[in-house]
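**Q** Sequential numbering from 0 applies to the sequence shown in numbering that gives the first Met the number 0. For every residue, glycine included, the Cβ atom is placed at its ideal position computed from N, Cα and C. Computed from a prediction, not measured in an experiment: that's the story for all the values here.
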Amino acid sequence: MSLTPLSRQILTLRKIQPSNLTLKAMFSGKDGEAGAIRGAGGAFGKREQAQEEQYFRKLQQEQLKSLKSHLDEEVAHHESEIKRHQQRIKQLKEKTDKLDK
């Protein structure tokens with residue numbers, strides 16, 4: 000029985016897949032443990048920690064800015080809806096006044 004190119008690829012993928020899982024398991028660290036440089040301490044560890052903190056502060060500032068922008072847009076939308084509803088209320092009141100006459 001001759002193998003088609005597709006069946007060869009499938010067999011190759013099956014062989015590769017378990018080794019990928021092994022590599023992932025080998026390189027994953029312990030729970031909550033940072034990288035080897037940070038764990039060793041010293042100037043490089045302090046520098047890495049400072050860079051991580053700076054990164055997360057910047058990320059948090061960007062997220063807060065995005066949230067504020069979204070909330071401002073939502074407030075503007077609701078204010079425009081209030082105006083639209085008030086105009087519609089006014090129209091309906093005028094209509095009922097005409098019917099009462």
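Between the alpha carbons of T95 and I88, how many angstroms are there, rounded?
**A** Going by the C-alpha atoms only, they are around 11 Å apart.
**Q** Suppose you measure from the CA of L70 to the CA of E51; what does that come to, to the nearest Å?
**A** Whole-angstrom Cα-Cα distance: 28 Å.
**Q** State the DSSP-derived secondary structure class of K124, mapped to helix, strand or coil.
**A** As displayed, the chain neither begins before 0 nor continues past 100, which places residue 124 out of reach and without an answer.
**Q** How many Å lie between Q48 and E78 at the Cα?
**A** Going by the C-alpha atoms only, they are around 45 Å apart.
**Q** Using the Cα positions of I81 and L66, report the straight-line distance between them to the nearest angstrom.
**A** When rounded, the distance between both Cα atoms is 22 Å.
**Q** Indicate the three-state DSSP secondary structure (helix, strand or coil) for G40 in the structure shown.
**A** Note: G40 maps to coil in three-state DSSP.
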